[in-house]
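At position 45 of the sequence shown (counting the first as 1) the number is 674 in this note's numbering, and the numbers step up by one without a gap.
Every residue gets a Cβ at the ideal spot worked out from N, C-alpha and C, and that includes glycine.
The model shown is predicted, which means the values in this text are computed figures rather than measured ones.
Here's the structure, in structure tokens; my notes come after.
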Amino acid sequence: MLIVSDTTTSNRGVLETRSLPRKFLGRVQLLPRRAGLGLWLRLIVEMQLLRYLFALLPFVIMPLVARDTAAPIMQAPLAMVVVIGLVEMKVLRLSKAGRARAVDADEAARRLDTLAFRAKGCLRKIAARHEVTEGELRLVIEQSELARVPPLTLVSVQTDQPAPRLFSLDAEDRAALVMLFDKDLTERDLLAVNHRDDLYIRDIAQEARAVSAHARLAAALEKRAATA
């Protein structure tokens, strides 16, 4: 999971938005400030051009192995298009029937209810910590539709006040968001639901005015204890 915020992203310019929810996959390339090798490799896989080049690698290797195949290969662009299509649609993505079999309807509903419950809890905590009292906070969870590679999940908090923007998240906020997923609801569990619905972005909103006084008091006491 990659938490997207100005505090976690090197190229902050891509975070600007005029409408909500802000989507990233397939539109901009995120450069995280701190990421392990696994996340960097997964971000590279998400780059469509590199996937195309990888799919065409056999067309580069074959002429080097057998020189007499160079001319026929260079004159067969349709075959290259077919190979790219097979890799993109059959290898990296599920068919419509495969998406339907990913998870049954009851289990999908249970997972979405769990996600919504956890997301609203995170948003209430963030709103209380930052003393947000107007507008709404939206937890946007975007996943890559690629199926046969490790899931790529982007999580951001977005707000409409004073204008559409991504909310700046500090270390405490990010620690709260990490709790969205665990062994009972993994990123892959959510991806199975998204495959079923053919919907890869979830937008869960929390009105700032609906955050309880108890939650705000708890956040204030936590701040006071942290600075003591």
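Note down, in chain order, each residue of its chain lying with its Cβ closer than 7 Å to the Cβ of residue 756, except the 5 sequence neighbours on either side.
-> The count along the sequence shown starts at 1 and reaches residue 756 at position 127. Only 766, 835, 837, 840 meet the Cβ criterion.
Use the C-beta contact count for residue 635: other C-beta atoms within 10 angstroms, 16 or more gives buried, fewer gives exposed.
-> Walking along the sequence shown from the start, residue 635 turns up at place 6. The residue in question, residue 635, is exposed, as its Cβ has fewer than 16 Cβ neighbours within 10 Å.
Cutoff 7 Å; reference residue 779; Cβ partners in own chain excluding five residues on either side | Taking the sequence shown and counting its residues from 1, the one referred to as residue 779 is at position 150. The residues are 671.
Taking the DSSP output, what are the residues bridged to residue 786?
-> Stepping through the sequence shown from its first residue, residue 786 is reached at position 157. The partner list for residue 786 (beta bridge, DSSP) reads 768.
Since residue 788 and residue 764 are thought to touch, with beta carbons under 8 Å apart, how far apart are those beta carbons, to the nearest angstrom?
-> By one-based count along the sequence shown, residue 788 stands at place 159. By one-based count along the sequence shown, residue 764 stands at place 135. Contact flag correct, Cβ pair sits at about 6 Å.
Taking the continuous alpha helix (DSSP H) assigned at residue 816, which residues delimit it?
-> Counting from 1 along the sequence shown, the entry for residue 816 is found at position 187. Segment 816-826, the alpha helix (DSSP H) holding residue 816.
Nearest CA to the CA of residue 775: which residue from 641, 661, 821, 758?
-> Here residue 775 corresponds to residue number 146 of the sequence shown, with the count starting at 1. Of the listed residues, the one whose Cα sits closest to residue 775 is 821.
What three-state label does DSSP hand residue 831 in the structure shown?
-> Reading the sequence shown from its first residue, position 202 is the one you call residue 831. Residue 831: strand per DSSP, three-state reduction.
May I ask you to list the residues that DSSP assigns as paired with residue 836?
-> Numbered from 1 along the sequence shown, position 207 holds the residue referred to as residue 836. Partner(s): 765.
How many angstroms separate the CA atom of residue 599 from the CA atom of residue 828?
-> This structure cannot settle anything about residue 599, because the visible part of the chain is limited to 630 through 857.
Can you list the alpha helix (DSSP H) stretches of 4 or more residues lying completely in the region 658-696, in chain order?
-> 666-674, 677-684, 686-694
Count the CB pairs spanning the region 632-652 and the region 786-804 that are closer than 8 Å, and state whether there are at least three.
-> yes
Nearest neighbour of residue 736, chosen from 720, 826, 844 [CA to CA] | Counted from its first residue, the sequence shown places residue 736 at position 107. Checking every option, the nearest Cα to that of residue 736 belongs to 826.
Run the CB neighbour count on residue 785, radius 10 Å, all protein chains shown included, and call it buried at 16 or more, exposed below.
-> Numbered from 1 along the sequence shown, position 156 holds the residue referred to as residue 785. It counts as buried.
Return the Cβ separation of residue 783 and residue 631 in integer angstroms, given the expectation that the two are a contact with Cβ distance under 8 Å.
-> Here residue 783 corresponds to residue number 154 of the sequence shown, with the count starting at 1. Here residue 631 corresponds to residue number 2 of the sequence shown, with the count starting at 1. That belief holds up - the Cβ atoms of residue 783 and residue 631 are roughly 5 Å apart, short of 8 Å.
Bridge partners - residue 713, DSSP secondary structure assignment | Residue 713 sits at position 84 when you count from the first residue of the sequence shown. None, per the DSSP bridge assignment.
Tell me whether residue 631 sits in a helix, a strand or coil according to DSSP, three-state version.
-> As a working mapping, residue 631 is identified with position 2 in the sequence shown. Of the three classes helix, strand and coil, the one that applies to residue 631 here is strand, per DSSP.
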